[in-house]
């Protein structure tokens, strides 16, 4: 099976703009989780989607949102970008809800740079 | 809030030797999951090993094993017969279904394998 794919791999935006990142899970996986990775804050959980519904959410402002489509593909949107949003955004998929201990498979990430 | 602490920012090991990475966590939950993830320089996160808190037996995956001490809230990873391909950043992670189902990561330990 193909692994988790994320597009684009690299992105440069300016403050105030918005951005949409995409994640295609492994075929058959119904859960998609998003994470932000920065040198200062480390890895932080953003949210998890399962069957098109957001099931869990981390401590991020409302500028960070997401959605999941019927084919399990997921998008993450960040509005009104700030310099601090520069990070590696990782997507992970699992067959069931990751919170139940399901093994997550990570994508290569999208590197976002906000200028 | 749950916290995960990795007190060793960097570790090194000679090829073929054994190394132990430490991880402690803080929780009031009794039912949770613990994970070790590996992030090689290519940046794709890979699950190394997982442990269910209700299981007494320490998890083992080939050369990787854990020492899970529930009362001490300690979850160390032992890598035996270290190989050059083991060089990576290792993250300890905690997840509990009962506490908002968030994923909490430690700050990581950078492992260098010396030929």
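Residue numbers (the numbering used here), protein chains in the order written: chain G, 1 to 115; chain C, 1001 to 1115.
Note that the Cβ used here is the ideal one computed from N, Cα and C, for glycine as well.
It should be emphasised that the depicted structure is a prediction, and the values quoted were computed from it without experimental measurement.
Are the CB atoms of residue i and residue j nearer to each other than 8 Å?
| i | j | result |
| --- | --- | --- |
| residue 75 (chain G) | residue 27 (chain G) | no |
| residue 956 (chain C) | residue 1026 (chain C) | As displayed, chain C neither begins before 1001 nor continues past 1115, which places residue 956 (chain C) out of reach and without an answer. |
| residue 1008 (chain C) | residue 1109 (chain C) | yes |
| residue 18 (chain G) | residue 78 (chain G) | yes |
| residue 55 (chain G) | residue 80 (chain G) | no |
| residue 1080 (chain C) | residue 1113 (chain C) | no |
| residue 88 (chain G) | residue 109 (chain G) | yes |
| residue 35 (chain G) | residue 92 (chain G) | yes |
| residue 60 (chain G) | residue 1102 (chain C) | no |
Have a look at the options and flag the residue whose alpha-carbon is nearest the alpha-carbon of residue i.
| i | options | result |
| --- | --- | --- |
| residue 2 (chain G) | G:110, G:106 and G:115 | G:106 |
| residue 1105 (chain C) | C:1072, C:1060, C:1010 and C:1037 | C:1037 |
| residue 1077 (chain C) | C:1071, C:1058, C:1040 and C:1083 | C:1058 |
| residue 1115 (chain C) | C:1068, C:1107 and C:1087 | C:1087 |
| residue 1053 (chain C) | C:1047, C:1113, C:1041 and C:1067 | C:1067 |
| residue 104 (chain G) | G:49, G:84 and G:111 | G:49 |
| residue 111 (chain G) | G:38, G:58 and G:57 | G:38 |
| residue 1094 (chain C) | C:1023, C:1011 and C:1010 | C:1023 |
| residue 116 (chain G) | G:96, G:25 and G:47 | This structure gives no information on residue 116 (chain G), because the portion of chain G shown stretches from 1 to 115. |
| residue 43 (chain G) | G:85, G:4, G:29 and G:7 | G:85 |
| residue 1097 (chain C) | C:1111, C:1028, C:1041 and C:1089 | C:1028 |
Which whole-angstrom value is the C-beta distance of residue i and residue j, which I expect to be below 8 Å?
| i | j | result |
| --- | --- | --- |
| residue 1091 (chain C) | residue 1034 (chain C) | About 11 Å separates the two Cβ atoms, so there is no contact after all. |
| residue 1107 (chain C) | residue 1006 (chain C) | 6 Å |
| residue 116 (chain G) | residue 5 (chain G) | Only positions 1 to 115 of chain G appear in this structure, which leaves residue 116 (chain G) out of reach. |
Within 10 angstroms of the Cβ of residue i, are there 16 or more other Cβ atoms? Answer buried if so, exposed if not.
| i | result |
| --- | --- |
| residue 9 (chain G) | exposed |
| residue 1056 (chain C) | exposed |
| residue 1046 (chain C) | exposed |
| residue 51 (chain G) | exposed |
| residue 1031 (chain C) | exposed |
| residue 41 (chain G) | exposed |
| residue 1084 (chain C) | exposed |
*Answer yes if the region 70 to 86 of chain G comes into contact with the region 1004 to 1019 of chain C, meaning at least three C-beta pairs across the two stretches below 8 Å, and no otherwise.*
no
*Are there three or more Cβ pairs, one per stretch, closer than 8 Å when the region 1061 to 1080 of chain C is compared with the region 12 to 22 of chain G?*
no
*asked:* Tell me which residues of the region 57 to 68 of chain G have at least one Cβ-Cβ distance to chain A shorter than 9 Å, keeping chain order.
replied: Of the protein chains in the structure, G and C, none is chain A.
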